[in-house]
Amino acid sequence: MRYKDLPKLNDRVELRIPYREGIELEKALFRPQKEKVVFALVGGAALSNSYIMLVHSLMPVPSKAYLKSLSSTAWKAEFNAKAIDAAAKARLGLLILHSHGNQYPPELSSTDIDNGSQLVDAFRTAIPRSPHGTSVFGREGSISGLVWKPGQTLPTEMNNVRWISDPVRIIPPLETKYRSEEKYSSQKLLIGEQGQKLLKASKVGVIGLCGGGSHVVQQLALLGIGTIVAVDNDLIEERNRHRLIGARPNDVKQKLSKTAIMSRLVKESNPDVIFVAVQERFPSENSIKMLKECDALIGCVDTLNARKEIQKFAWRYLIPYVDIGLAIVPCKDGSFADRISGQVYDLIPGAACLWCAQFLTDERLSKESGGHGSAYVVGGQQAQVVSFNGVLASQAVTEALHIITGFARRRSISNALQFDGINGTMMPCILNRREKCDACNDELGRGDPIW
Amino acid sequence: MTVEKKVEELRYLYGAVSTKTLPNGTILVRIKEVQLPSGCAPSKTDFLIEFPQNQDVPSKRYVKENITLPNGKTPRNFTPTQVDGEPWYEFSFNFPWNSQTDPMYQYVESALQRFAKTE
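Those sequence lines, one after another, are chains B and G. According to our numbering, the first sequence is numbered sequentially starting from 1. According to our numbering, the second sequence is numbered sequentially starting from 1.
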């Protein structure tokens with residue numbers, strides 16, 4: 001059957017490929033002389049107006065498994081059985097990937113469809129609750145494919161792919177209603193009209209809306225981000241008014257929520273921006289639902305346990321995550337600072353995570369919760385000064401700007417910037433993904449939970 | 001007693017009980033709509049029990065709903081968390097329960113008594 005004649009559903013489906021798996025795919029599929037095939041173990045996630053397939057890991061068909069065939073690429077059936085077994089154990093689906101080199105737009109051949117559909121039938125029978133499919137890459141990483149969502153007998157076309165990197169490459173780029181505006185003219189000298197369009201089409205999630213998060217929200221609004229999803233369950237208090245950008249003296253009396261203050265700030269700074277307030281503590285059901293729609297996350301939370309939750313979530317849905325944190329340690333009499341340190345982590349799913357960086361460890365998490373489980377929160381007021389929050393927040397927004405627009409040429413992925421507030425310096429360091437990182441191996445690309 | 005036996009026992013009493021095994025060997029047991037102590041809001045919630053790999057003693061328990069106690073307050077040490085990507089609330093509560101001699105439903109019902117306490 002020809003591709004265009006195949007009955008199919010018309011929803012938007014996007015494939016997301018994590019950083020390291022993307023490099024492995026390019027090596028395996030785009031360089032060899034002869035057509036090669038890679039199986040991907042995939043998760044799936046339903047968004048409000050689309051469906052995403054998320055690559056968890058790859059299983060390239062090994063050289064010795066290919067069969068000699070003049071007309072098409074064929075491989076031994078025992079490899080299929082092995083892949084089905086691996087996917088079933090991991091509770092994931094299977095996607096067949098190959099490349100048509102420079103074809104644009106790429107198109108599955110009738111042989112791809114016939115053979116792929118038969119294989120997918122076997123996948124669906126063995127693992128009915130996961131998504132499956134077959135697809136082909138073309139020029140510059142473009143994609144075309146067919147995806148069978150769980151429970152659906154007809155396939156859906158997949159023509160969108162998101163290569164998770166720094167910057168993220170979305171092919172074709174996100175579409176939005178856009179008009180060129182004078183107010184961004186200086187900014188466009190750096191990011192161009194296309195960069196401004198990408199900002200307008202993007203959604204950024206901000207978790208934690210106090211000293212760091214309020215700066216972040218304001219700057220995202222001024223940049224012209226299309227949608228900001230802001231998550232915080234707290235009300236403003238007198239003790240945090242001094243560092244909450246946009247707060248007014250009367251807000252404390254009125255017991256305004258931080259999300260309400262941010263909503264007002266965004267409306268006053270840039271009324272074109274859509275502001276979505278989630279006055280709940282992450283990871284509540286609603287916060288997960290709203291944040292999984294985002295293209296990037298900025299975490300401005302106080303605790304390691306909160307970071308652990310954002311880290312899990314970002315890896316699961318393959319969303320780049322920028323984390324900031326600040327620790328001011330005054331000397332005992334409070335006359336000067338012993339230490340002012342902070343961090344900005346640029347975390348790209350498929351590259352190093354906070355566990356790989358050993359920023360999160362079981363020992364540190366346990367220490368934070370006083371030796372109890374994560375249900376315990378050991379609180380207490382800590383020193384905070386708005387100017388230091390602002391330094392870290394500005395850098396976090398710059399990282400998000402780069403993830404979306406790619407305004408800079410960078411040599412490395414997953415950077416950490418270590419902030420020294422006493423000397424006013426930021427020292428870069430490169431993070432490396434650990435091979436045996438449970439967090440990466442467990443969560444990456446799993447998508448929505450299935451029972 | 002194996003986890004399977006414990007699940008059978010729960011299913012006999014509560015009916016709608018489902019399980020899944022995660023790739024790391026952890027077994028999750030979900031009980032649909034258990035009754036919370038009188039005065040709690042909402043009055044029912046799903047309950048999740050986590051058994052580590054090769055162990056028949058639960059390591060953690062969770063409820064699905066953001067519970068308000070009979071005095072209108074939120075429980076202390078009641079934290080939203082993700083279990084296999086799904087949002088749950090983890091809570092801590094100490095109660096006597098012997099995995100060798102006490103039935104599994106007693107574990108569930110004792111844990112739920114945490115929400116009868118209005119501190």
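Note that the Cβ used here is the ideal one computed from N, Cα and C, for glycine as well.
Rounded Cβ spacing between residue i and residue j (contact assumed at less than 8 Å)
i, j, result
"B:A416", "B:C437", "That pair is no contact at about 16 Å."
"B:G151", "B:P106", "About 27 Å; that fails the 8 Å criterion."
"B:S263", "B:A277", "5 Å"
"B:C244", "B:K255", "Note that residue 244 of chain B corresponds to Leu in the displayed sequence, not to Cys. Between B:K255 and B:L244 the Cβ distance is about 14 Å, and since that is not below 8 Å, they are no contact."
"B:L297", "B:G205", "5 Å"
"B:W148", "B:R124", "6 Å"
"B:I84", "B:A122", "7 Å"
"B:D11", "B:S63", "37 Å between Cβ atoms; not a contact."
"G:G85", "B:P449", "4 Å"
"B:S72", "B:T134", "Actually they are not in contact, since the Cβ atoms of B:S72 and B:T134 sit about 13 Å apart, beyond 8 Å."
Residues of its chain near residue i, where Cβ-Cβ distance is below 6 Å and the 5 sequence neighbours each way are ignored
i, result
"G:D102", "none"
"B:K486", "The shown model of chain B, from 1 to 451, leaves out residue 486 of chain B, and the question about it has no answer."
"B:D362", "none"
"B:L58", "E21, E24, V38, A40"
"B:G213", "V206, C300"
"G:F78", "Y89, F91"
Beta-carbon proximity list for residue i, same chain, < 7 Å, skipping 5 on both sides
i, result
"B:R433", "R20, A351, A352, C356, C440"
"G:G39", "P70"
"B:L67", "A74, W75, K76"
"B:G246", "S214, Q218, I261, M262, R264, L265"
"B:Y184", "Q196, G224"
Reference residue i, options the options, closest by Cα
i, options, result
"B:E399", "B:L199, B:R16, B:P18", "B:L199"
"B:T303", "B:S369, B:E181, B:A126, B:V161", "B:S369"
"G:Y89", "B:F282, B:A327, B:W148, B:M427", "B:F282"
"B:V13", "B:T125, B:H132, B:G22, B:V329", "B:H132"
"B:L347", "B:S284, B:S412, B:L365, B:E293", "B:S412"
"B:L360", "B:D112, B:K292, B:K308", "B:K308"
"G:T26", "G:V3, G:Q100, G:K32", "G:V3"
"B:K267", "B:K289, B:V161, B:S185, B:Q219", "B:Q219"
"B:M158", "B:P172, B:P167, B:D166", "B:P172"
"G:L10", "G:M104, G:Y62, G:F95, G:S110", "G:M104"
"B:P99", "B:L365, B:E140, B:F79, B:F407", "Note that residue 99 of chain B is Ser in the sequence shown here, rather than Pro. Among B:L365, B:E140, B:F79, B:F407, the Cα nearest to that of B:S99 is on B:E140."
"G:V83", "G:T74, G:Y62, G:K73, G:P37", "G:Y62"
"B:K177", "B:S202, B:T153, B:Q358, B:L154", "B:S202"
"G:F123", "G:V29, G:P75, G:N66", "Outside the modelled stretch of chain G, which goes from 1 to 119, sits residue 123 of chain G, for which no answer is possible."
"G:L28", "G:P37, G:T68, G:L48", "G:L48"
"B:R410", "B:P167, B:Q103, B:P62", "B:P167"
"B:I404", "B:P249, B:Q194, B:M53, B:D442", "B:Q194"
"B:L431", "B:L146, B:P349, B:Q381, B:Q118", "B:P349"
"B:H56", "B:Y345, B:V42, B:S130, B:S48", "B:V42"
"G:D46", "G:P37, G:P23, G:E65, G:N54", "G:E65"
"B:G116", "B:E435, B:E443, B:P155", "B:P155"
"G:M1", "G:F95, G:T19, G:Q55, G:K117", "G:Q55"
"G:L22", "B:F30, B:A87, B:M53, B:A306", "B:A87"
"B:K27", "B:P60, B:G334, B:I52, B:L9", "B:P60"
Whether residue i touches residue j by CB criterion (8 Å)
i, j, result
"B:L108", "B:S142", "no"
"B:I127", "B:G101", "no"
"B:I164", "B:G22", "yes"
"B:V136", "B:A396", "no"
"G:K32", "G:A16", "yes"
"B:A45", "B:K292", "yes"
"B:H242", "B:V391", "no"
"B:I340", "B:F388", "yes"
"G:V57", "G:S99", "yes"
"B:F419", "B:Q343", "yes"
"G:T68", "G:A111", "no"
"B:Y317", "B:G447", "yes"
"B:N270", "B:A221", "yes"
"B:E285", "B:N233", "no"
"G:S59", "G:F51", "yes"
"B:Q384", "B:G211", "yes"
"B:V329", "B:D338", "yes"
"B:D47", "B:K36", "The sequence shown places Leu at residue 47 of chain B, not Asp. Cβ distance not < 8 Å, so B:L47 and B:K36 don't count as in contact."
"B:P18", "B:L444", "yes"
8 Å CB neighbourhood of residue i in its chain, flanking five on each side removed
i, result
"B:V273", "L220, A221, G224, I225, G226, T227, I228, V266"
Which parts of the region 76 to 115 of chain B are runs of the alpha helix (DSSP H), unbroken and 4 residues or longer, counting only runs that do not cross its ends? 77 to 90
Of all the alpha helix (DSSP H) runs that stay within the bounds of the region 68 to 119 of chain G, which reach a length of 4 or more residues? For the region 68 to 119 of chain G, whole alpha helix (DSSP H) runs of length 4 or above, ordered along the chain, are 104 to 112.
Just to confirm the assignment: which complete alpha helix (DSSP H) runs, minimum length 4, are found wholly within the region 268 to 318 of chain B? 285 to 291, 304 to 317
I'd like the ranges of any alpha helix (DSSP H) spanning at least 4 consecutive residues and lying wholly in the region 152 to 233 of chain B. 185 to 201, 211 to 223
Enumerated in chain order, which unbroken segments of the beta strand (DSSP E) with a length of 3 residues or greater are wholly contained in the region 28 to 62 of chain B? As far as the region 28 to 62 of chain B is concerned, its whole beta strand (DSSP E) runs of at least 3 residues are 37 to 46, 50 to 60.
Start-end ranges of the alpha helix (DSSP H) lying completely within the region 38 to 65 of chain G, minimum 4 residues: none
Could you list the residues in the region 11 to 34 of chain G with a C-beta less than 8 Å from some C-beta on chain D, going in chain order? The question asks about chain D, but that chain is absent: this structure's protein chains are B and G.
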